[in-house]
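For the sequence shown, my numbering begins at 1 and goes up steadily by one.
From the three backbone atoms N, C-alpha and C, an ideal C-beta is built for every residue, glycine too.
This one's a predicted model, so the numbers in the text were calculated from it and none came from an experiment.
Only one structure is covered here, and it is reproduced in the block below.
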Amino acid sequence: MAINESDLAALDVAATRAKDFRRRMATADATPTADYDTIHARFDRPAPDEGFDASAVVEELVTGAEEGMRGLVAPRFYAWVNGSSHLAGVAADWLTSAWGQNCAGVPMSPAAAAVEAVAARWLLELLDLSPECSVGFVTGATVANFVGLAAARNEQLRKAGWNVEDDGLFGAPPVSVVIGADAHSTVFQALRYVGFGAKRVRTVATDSFGRMLVSDFERALKEADGPVVAIGQAGQINTGVSDPFAEIVPLVRQTDGWLHVDGAFGLWANVSKRHRHLLEGVELADSWATDGHKWLQTPYDCGFAICRNEAAHRRAMDLTASYLAPAGSHQRHPGAYVPELSRRARGFATWAMIRRLGRNGIAQMVDEDVRLAKLMAASLAEIDGVEVVNQPELNQFVVRFGADRGADEGDRLTLATIERIQQDAVAYLGSSLWHDRWVMRVSVCSIQTTEDDALLTVQAIKDAWQAVQDAT
Ligand SMILES: Cc1ncc(COP(=O)(O)O)c(C=O)c1O
Numbered sequence: 001m002a003i004n005e006s007d008l009a010a011l012d013v014a015a016t017r018a019k020d021f022r023r024r025m026a027t028a029d030a031t032p033t034a035d036y037d038t039i040h041a042r043f044d045r046p047a048p049d050e051g052f053d054a055s056a057v058v059e060e061l062v063t064g065a066e067e068g069m070r071g072l073v074a075p076r077f078y079a080w081v082n083g084s085s086h087l088a089g090v091a092a093d094w095l096t097s098a099w100g101q102n103c104a105g106v107p108m109s110p111a112a113a114a115v116e117a118v119a120a121r122w123l124l125e126l127l128d129l130s131p132e133c134s135v136g137f138v139t140g141a142t143v144a145n146f147v148g149l150a151a152a153r154n155e156q157l158r159k160a161g162w163n164v165e166d167d168g169l170f171g172a173p174p175v176s177v178v179i180g181a182d183a184h185s186t187v188f189q190a191l192r193y194v195g196f197g198a199k200r201v202r203t204v205a206t207d208s209f210g211r212m213l214v215s216d217f218e219r220a221l222k223e224a225d226g227p228v229v230a231i232g233q234a235g236q237i238n239t240g241v242s243d244p245f246a247e248i249v250p251l252v253r254q255t256d257g258w259l260h261v262d263g264a265f266g267l268w269a270n271v272s273k274r275h276r277h278l279l280e281g282v283e284l285a286d287s288w289a290t291d292g293h294k295w296l297q298t299p300y301d302c303g304f305a306i307c308r309n310e311a312a313h314r315r316a317m318d319l320t321a322s323y324l325a326p327a328g329s330h331q332r333h334p335g336a337y338v339p340e341l342s343r344r345a346r347g348f349a350t351w352a353m354i355r356r357l358g359r360n361g362i363a364q365m366v367d368e369d370v371r372l373a374k375l376m377a378a379s380l381a382e383i384d385g386v387e388v389v390n391q392p393e394l395n396q397f398v399v400r401f402g403a404d405r406g407a408d409e410g411d412r413l414t415l416a417t418i419e420r421i422q423q424d425a426v427a428y429l430g431s432s433l434w435h436d437r438w439v440m441r442v443s444v445c446s447i448q449t450t451e452d453d454a455l456l457t458v459q460a461i462k463d464a465w466q467a468v469q470d471a472t
């Protein structure tokens, strides 16, 4: 059957509308003009009995949904740690869909498997990790944390004489899990997935910025009974700081433990000559989780689960089926390192972004985002009543408003100022709890953000804070 030209034309409609959107977004604030209820009402009709022309479907989707898009790709978006879905990555991602490739195995898509293999090697080079490591291309850091912890669990129990792959966890020797008190919530989620439980952990005390205290980490390891899985982080979600890997790795080694690192965005500091000292020793860990859709700027969904012990990684994730031919002995089987079978070929967008930016481009972006975060923090610190809780060493920092008027009043004024900033819609910032107090979190994680954007944002924050004070 010949291709349906009318369906084919939908790709042009999508390209035209996407280009319009991205042109507008390049200078826009990040605020949608329609809310959830409006968009929901537009789409909320009975499931259609009859089909519709593909181009018209795309038009209907764009017309109905676009006003409800948060500008995650806009230059003054700082609320969550989001990359900007760079257009080179988007184009590769579109092709991934158009090619309809399933990266479940080499025979299923030789190109997807081969490009993913090269992208995996490039990632290890850029992140300065051993070329012996294995890489699984997953949806994001949450699943990458799950994969790393599953490999850690199985390997630590295997060394203790227990085979999780065959026998599961019932009756297995207890594993001691050691984790910093300021770890990201998705790591606790991953602990639930692997059957460790989010609360059955030894929590290590942290300093005021969220770094694990080495003395308490050492104590936790001494108290540990049985196999040890320790979890560190490169890039705390609020303050951007990293654990002191050079000091904690040798301690983990002494216990024959496994150190997993959540480096969702922070691991990318290793690409930068100027900032890699912040992660010193991170390369000595056993597994790492990081994202493409943060500081590599790929579109969603794109994360990487990296393991030093490839065999452990494979044992935890590999899947065989009679109808799936194995990869050749010199070929990398892409399905060996991930929890799912059918899967988007994420290697294309990863390859495209690394090819587009190169090592130097990625390093420059990291350095520039850090410079802008420092500039914003320093400018905000000069404003009366504004407390910059941590001067950033990386791209993340948190701010409180009116904290000098008491902790509760500071909470109220902080939330009121964030609300005002969101209403003014020059920049988009959000709230977070930091050590039980409300803060405004600033994450500079986009290649789109310029110094002009940073200065505009500082002015918008200043104006909002003034308006809140005037109203009080
Ligand atoms: C430190 C950290 N870990 C894990 C995650 C989860 O990543 P993802 O949303 O890609 O699953 C995030 C997301 O912001 C993060 O910042």
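From Val498 to Phe397, what does the alpha carbon distance come to, in whole angstroms?
This structure does not reach residue 498, given that the chain is present from 1 up to 472, and the question cannot be answered.
Please determine, among Gly347, Arg70, Arg405, the residue with the shortest C-alpha to C-alpha distance to Val118.
Gly347
For the alpha helix (DSSP H) holding Glu125, just list the boundary residues, first then last.
110-126
Pull up the distance between the alpha-carbon of Arg28 and that of Ala327, whole angstroms please.
Position check: residue 28 holds Ala in this sequence, whereas Arg was assumed. The alpha-carbon atoms of Ala28 and Ala327 are separated by roughly 47 angstroms.
Pick helix, strand or coil for Arg400, following the three-state DSSP scheme.
Residue state, collapsed to three classes: strand.
Can you say whether Met1 is buried or exposed, counting buried as having 16 or more other CB atoms within 10 angstroms of its CB?
Result: exposed.
What is the DSSP secondary structure of Ile3, reduced to helix, strand or coil?
coil
Of the residues Thr450, Pro107, Asn154, Pro392, which one's Cα is nearest the Cα of Gly266?
Pro392
So, does the CB of Trp351 fall closer than 9 angstroms to a CB anywhere in chain D?
This model lacks chain D altogether, as it is built from one protein chain only.
State yes or no: is the C-beta of Trp80 nearer than 8 angstroms to some heavy atom of ligand 1?
yes
Does DSSP put Leu433 in a helix, in a strand, or in coil?
strand
Leu259 and Gly235: beta carbons closer than 9 angstroms?
no
Got a sec, what are the start and stop residues for the alpha helix (DSSP H) Ser55 sits in?
54-65
Out of curiosity, what's the CA-to-CA distance linking Ala325 and Met108?
The alpha-carbon of Ala325 is positioned some 9 angstroms away from that of Met108.
Looking at the structure shown, is Met25 part of a helix, part of a strand, or coil, going by DSSP?
helix
Arg219 lies in the alpha helix (DSSP H); which residues open and close that run?
Where Arg219 is concerned, the enclosing alpha helix (DSSP H) starts and stops at 214-223.
Tell me, please, which residues DSSP counts as bridged to Gln233.
Asp262
What do you reckon, are the CB atoms on Leu394 and Val241 nearer than 9 angstroms?
Taking the C-beta atoms as reference points, Val241 is found nearer than 9 angstroms to Leu394.
Could you tell me the alpha carbon to alpha carbon distance between Met317 and Thr186, rounded to whole angstroms?
19 angstroms
Where does Val178 fall in DSSP's three states?
strand
Near Arg202, what residues of its chain come up, given a Cβ to Cβ distance below 8 angstroms and the 5 sequence neighbours on each side ignored?
Ser176, Val177, Val178, Ile179, Ala220, Glu223, Ala224
Can you list the alpha helix (DSSP H) stretches of 4 or more residues lying completely in the region 324-356, in chain order?
none
Just to confirm before moving on: does the CB-CB distance between Val106 and His313 stay below 9 angstroms?
no
Whole-angstrom Cβ separation of Ala190 and Val204, contact assumed at under 8 angstroms?
In fact, because the Cβ distance is near 17 angstroms, the residues do not count as touching under 8 angstroms.
Can Leu372 and Ala269 be called in contact, C-beta distance under 9 angstroms?
no
Near Glu409, what residues of its chain come up, given a Cβ to Cβ distance below 7 angstroms and the 5 sequence neighbours on each side ignored?
Gly402
Determine, using beta-carbon pairs with one atom in the region 63-81 and one in the region 439-451, whether at least three such pairs fall under 8 angstroms.
yes
Going by other Cβ atoms of all chains shown within 10 Å of its Cβ, with 16 needed for buried, is Thr290 buried or exposed?
Buried, since its Cβ has 16 or more Cβ neighbours within 10 Å.
Looking at Thr139 and ligand 3, is the gap between the Cβ and the nearest heavy atom below 8 angstroms?
Among the ligands modelled here, namely ligand 1, ligand 3 does not occur.
Between the alpha carbons of Thr298 and Val62, how many angstroms are there, rounded?
22 angstroms
Phe196 and Leu157: beta carbons closer than 9 angstroms?
no
Here's a check: name, in chain order, each residue in its chain whose Cβ is nearer than 8 angstroms to the Cβ of Ile39, leaving out the five neighbours to either side.
Gly64, Ala65, Glu67, Gly68
Among Val229, Leu284, Ala264, which has the Cα closest to the Cα of Glu247?
Per the Cα distances, Leu284.
Sorted by chain position, which residues of the same chain lie with C-beta nearer than 8 angstroms to Arg276's C-beta, five sequence neighbours on each side aside?
If we look at Arg276 and ignore the five residues flanking it on each side, its Cβ neighbours are Asp128, Ala269, Asn270.
How about Pro474 and Gly161: do their beta carbons lie closer than 9 angstroms?
Within the shown structure, residues of the chain are numbered from 1 to 472, placing residue 474 beyond reach of any answer.
Taking the C-alpha atoms as reference points, what is the distance between Lys159 and Phe146?
Those two C-alpha atoms are separated by around 20 angstroms.
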